[in-house]
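Here's the structure we're looking at; comments come further down.
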Amino acid sequence: MDLFTGIGSVLEPFHLLLMVVGVFIGLIFGTIPGLSGITAVALLVPFSYVLGAEAAIIMMIGVYVAATCAGSLAGTLFNMPGDVMGAATARDGYPLTLQGHAGRAISIDITASAVGGLIGTLLLVLIAPQFLRIALRFGPPEFFALALLGMTSVASLASGSLIKALLAGTLGLLMATVGLDPVSGAVRFNFGLQQLQGGIDFIPAIIGFFAVAEIFNSLYRGTGRGRYTAKDIEKIPRFALPSWADLRRTRWTMLRASLLGNFIGMLPGAGSTIAAFLGYGTEVQLSRNPERFGKGEIKGVAAPEAANNSAAAGSMVPLLTLGIPGGAVTAIMLGVFILNGLRPGPLLFRDAPEIASSVFGALAVASVVVFFVGLLAVRLLLRLLTIPFEVFSTMVLVFAVVGTFAIYNRTIDLWVMLVCGILGFFAKQYGFPVSALVLGLVLGDIAETGLVNGIGVSRGSWSAFLSRPFTIGTLVIAFILLLLPLLWAYLGRRRRRADTAAPVERAERSSTADEQDRS
Amino acid sequence: MAEQQAPQERPRFPRSRQEIAVAAVFLVVFVFFRVRLDSFIAGRRGATFIEPDFWPTVLLTFGIAVSALYLVRAVVNAVRDGSQATPPDDGAATDLLPRDAEAASGPESSRGNLLALAGGLALLAAYIFGLRVIGFAPSTLVFCVAFLLFVGERKPAVLIGFPLVITAVVLGVFTRLLVVPLPRGVGVFLQLSTYLY
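Top line first, the protein sequences correspond to chains A and B. According to this note's numbering, the first sequence is numbered sequentially starting from 2. According to this note's numbering, the second sequence is numbered sequentially starting from 56.
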């Protein structure tokens with residue numbers, strides 16, 4: 002397991018070709034609003050049968066890294082982010098474009114993505130082996146505690162209401178109970194359908210939650226029809242390298258945001274979107290001129306991009322060392338490993354170290370490929386925004402159906418995809434975080450098996466969950482994360498009260514002064 | 056630049072009432088499954104320390120508690136704010152994180168939008184159903200034409216060319232390259248599909 006072996010493997014002609022294809026697919030799906038890297042990675046799952054685990058994972062990492070970067074391109078240029086994390090970059094990227102600095106914004110956007118990805122990969126190579134040592138001692142209570150941490154972190158850090166995040170997470174966990182009980186073998190919630198005995202597979206569900214729900218959403222809101230013209234795109238420079246001055250100005254920002262993003266990415270359930278906004282927010286807090294942010298500050302472009310790409314690398318730590326996916330993309334990768342007879346976790350490093358090395362190498366190479374391809378293809382990519390919604394939505398639905406069916410050749414998966422599409426649509430309409438729903442579905446099995454086996458090994462007692470420092474520590478962090486939104490809400494209310502009280506006080510003071518002057 | 060938003064209509068049901076309805080649906084669903092839990096579990100019992108209904112019971116009980124809290128908050132917000140569209144303030148993560156723009160603005164319930172959604176849903180359901188009956192190639196062709204027409208495409212070249220191209224590409228990639236057996240349908244469609252792939 003080492004980075005250079007991995008890079009060597011990724012640079013083999015066939016793997017490099019797949020990487021470049023993956024980067025292109027990721028850039029395309031990341032640029033188009035509504036589609037995301039998750040959809041692209043999910044639709045590539047059937048290809049893993051032919052390509053094998055290593056090649057498929059290399060391609061998927063190319064997609065993942067490229068889509069994470071591309072989400073902000075349309076946001077920076079047209080204030081139309083391809084995904085939620087792109088909205089963080091658009092806060093300063095779009096004002097820069099309006100000021101006539103589109104080339105500067107795009108070049109720093111793509112450079113920060115590449116730097117974040119490379120720093121994230123280095124941290125992954127350093128941290129994963131240390132994590133592995135701890136992971137080897139993990140038993141069921143630790144896995145339960147980590148699954149709980151994932152659920153609480155997604156509920157705590159996701160946007161919007163905590164109650165809705167908890168409800169979405171619970172629904173996801175309940176969906177994971179469909180099928181055979183992993184301990185006793187009893188059949189649960191299959192509603193008399195034999196095809197549901199195997200449970201709800203999370204890849205069709207993810208395709209439903211993201212790809213299908215997004216098309217439903219566009220149909221309902223009628224938002225898919227507005228598009229940009231080729232004239233708008235011609236204003237963008239062809240190949241804009243960042244200036245030395247901008248690089249010097251943003252170098253510490255990129256480093257700080259990458260470190261923060263990597264840590265956030267390692268938390269199961271947190272992910273790149275949260276990393277992007279925390280990276281941006283931290284930079285605002287640390288800045289000597291916070292008032293410049295939101296008005297075209299170049300650091301406001303660098304911070305979220307470095308953070309979210311570093312988080313993408315960080316999210317590989319729990320996946321590779323524990324077999325616990327932190328989000329939808331890593332959940333799909335877990336599925337690909339399993340489809341190919343591999344099980345991520347400590348044993349992966351013993352049984353298939355070349356796969357772990359390839360993941361490291363692919364992350365590093367993808368960051369470099371994204372830098373060059375991204376800068377070269379930015380105008381071509383933005384032309385995608387001129388493709389009519391009618392054609393694109395039809396194509397996505399056909400690929401969603403075929404991609405879902407091709408995984409297991411089961412019609413039931415198509416109905417699961419459709420139902421999840423409906424659920425995902427309503428979740429979006431009413432502000433329920435789909436990420437919590439997906440994570441509940443993915444972590445449900447791990448949480449239940451950990452809980453039930455943990456109680457089983459201590460012969461019916463809960464003592465196993467309170468006897469080891471790691472379990473206690475993880476449960477305490479999970480509890481704190483759950484309380485954090487309440488604390489934020491309290492602080493927000495206090496600040497709002499103070500803000501509304503301040504003008505009244507000022508008015509009172511000035512009227513007293515006026516009275517004194519008059520007297 | 057092209058226009059970005061369709062004209063908005065005034066919601067028929069205020070956001071606060073919709074929130075109450077959603078909370079009530081959650082509560083009813085969780086209570087229903089909690090009460091009828093035994094009927095949804097079949098198989099061996101008493102073989103392990105923990106019964107197969109333990110984890111679902113934990114989740115459903117938690118779900119009932121949280122959805123009851125959600126309902127109470129939604130009612131309180133509705134009473135306090137009248138018909139104002141204010142989501143319950145129960146701990147939005149932080150100002151640094153994005154609030155879901157769609158959630159904040161609330162769903163726009165207009166008959167046209169609902170029909171568009173229902174139509175799209177029905178077409179996709181029919182496509183999935185048709186795969187088993189008439190096979191992949193005919194159902195994809197029919198679905199593509201129907202969906203394109205439904206979303207407003209009227210150019211004959213697109214209506215004819217796009218379905219043919221996408222069906223051919225998918226057939227080529229999945230049946231030749233990936234060797235994935237796509238549905239062939241029944242009867243005459245089975246013969247046609249066997250001829251094609």
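Quick reminder that beta carbons are idealized off the backbone N, C-alpha and C, glycines included.
Exposed unless 16 or more other CB atoms sit within 10 angstroms - verdict on residue i
i                      : result
residue 431 of chain A : buried
residue 302 of chain A : buried
residue 217 of chain A : buried
residue 300 of chain A : buried
residue 496 of chain A : exposed
residue 218 of chain B : buried
residue 463 of chain A : exposed
residue 106 of chain B : buried
residue 65 of chain A  : buried
residue 486 of chain A : buried
residue 222 of chain A : buried
residue 182 of chain A : buried
residue 250 of chain B : exposed
residue 135 of chain A : exposed
residue 481 of chain A : exposed
residue 156 of chain B : In this prediction, residue 156 of chain B has a pLDDT of 37, which is less than 50 and means its spatial position is unreliable; nothing more can be read from the coordinates.
residue 16 of chain A  : buried
Cβ pair residue i, residue j closer than 8 Å
i                      : j                      : result
residue 143 of chain A : residue 387 of chain A : no
residue 384 of chain A : residue 239 of chain A : no
residue 566 of chain A : residue 233 of chain B : Given a span of 2 to 520 for chain A in the structure shown, any question on residue 566 of chain A remains unanswerable.
residue 445 of chain A : residue 177 of chain A : yes
residue 358 of chain A : residue 122 of chain A : no
residue 191 of chain B : residue 395 of chain A : no
residue 109 of chain B : residue 168 of chain A : no
residue 163 of chain A : residue 156 of chain A : yes
residue 228 of chain B : residue 188 of chain B : no
residue 1 of chain A   : residue 89 of chain A  : Residue 1 of chain A lies beyond the stretch modelled for chain A, which goes from 2 to 520, so this question has no answer here.
residue 376 of chain A : residue 108 of chain A : yes
residue 175 of chain B : residue 205 of chain B : yes
residue 335 of chain A : residue 347 of chain A : no
residue 401 of chain A : residue 111 of chain A : no
residue 87 of chain A  : residue 72 of chain A  : yes
residue 171 of chain A : residue 121 of chain B : yes
residue 119 of chain B : residue 86 of chain B  : yes
Close-in-space but distant-in-sequence residues of the same chain around residue i (CB under 6 Å, 5 per side omitted)
i                      : result
residue 258 of chain A : 280, 304, 307 and 308
residue 246 of chain B : none
residue 74 of chain B  : 129
residue 39 of chain A  : 211, 329 and 330
residue 137 of chain A : 347
Residues that residue i contacts on chain B, provided the C-beta gap is smaller than 7 Å
i                      : result
residue 461 of chain A : 104
residue 396 of chain A : 221
Interface residues of chain A facing residue i [CB-CB closer than 9 Å]
i                     : result
residue 98 of chain B : 181, 182, 185, 186, 187, 188 and 189
Chain-ordered neighbours of residue i on chain A, where CB pairs are closer than 7 Å
i                      : result
residue 180 of chain B : 419
residue 244 of chain B : The contacting residues do not exist; residue 244 of chain B stays about 15 Å from chain A at best.
residue 81 of chain B  : 168
residue 187 of chain B : 412
residue 195 of chain B : 399
residue 77 of chain B  : 431
Contacts that residue i makes with chain B (C-beta to C-beta distance below 8 Å)
i                      : result
residue 217 of chain A : 172, 175 and 176
residue 47 of chain A  : 229, 233 and 235
residue 178 of chain A : 110, 111 and 114
residue 390 of chain A : 206
Neighbourhood of residue i by C-beta distance below 7 Å, restricted to the same chain and skipping five residues each side
i                      : result
residue 1 of chain A   : Residue numbering for chain A in the displayed model covers 2 to 520; residue 1 of chain A lies beyond these limits and cannot be assessed.
residue 41 of chain A  : 26, 27, 30, 64 and 68
residue 365 of chain A : 4, 8, 119 and 122
residue 100 of chain A : 297
residue 490 of chain A : none
Neighbour flag for residue i against chain E, beta carbons, 8 Å
i                      : result
residue 135 of chain B : Of the chains in the structure shown, none is chain E; the protein chains are A and B.
Contacts that residue i makes with chain A (C-beta to C-beta distance below 8 Å)
i                      : result
residue 128 of chain B : 164
8 Å CB neighbourhood of residue i in its chain, flanking five on each side removed
i                      : result
residue 458 of chain A : 140, 141 and 465
residue 97 of chain A  : 77, 103, 105, 106, 297, 299 and 302
residue 406 of chain A : 412, 414 and 415
Inside the region 95-178 of chain A only - alpha helix (DSSP H) runs reaching at least 4 residues: 103-136, 141-158 and 163-176
Unbroken beta strand (DSSP E) runs of length 3 or more, entirely within the region 365-431 of chain A: which are they? none
Could you pull out every unbroken beta strand (DSSP E) segment of at least 3 residues lying fully inside the region 8-78 of chain A, listed in chain order? none
Uninterrupted alpha helix (DSSP H) stretches inside the region 455-490 of chain A (no shorter than 4 residues): none
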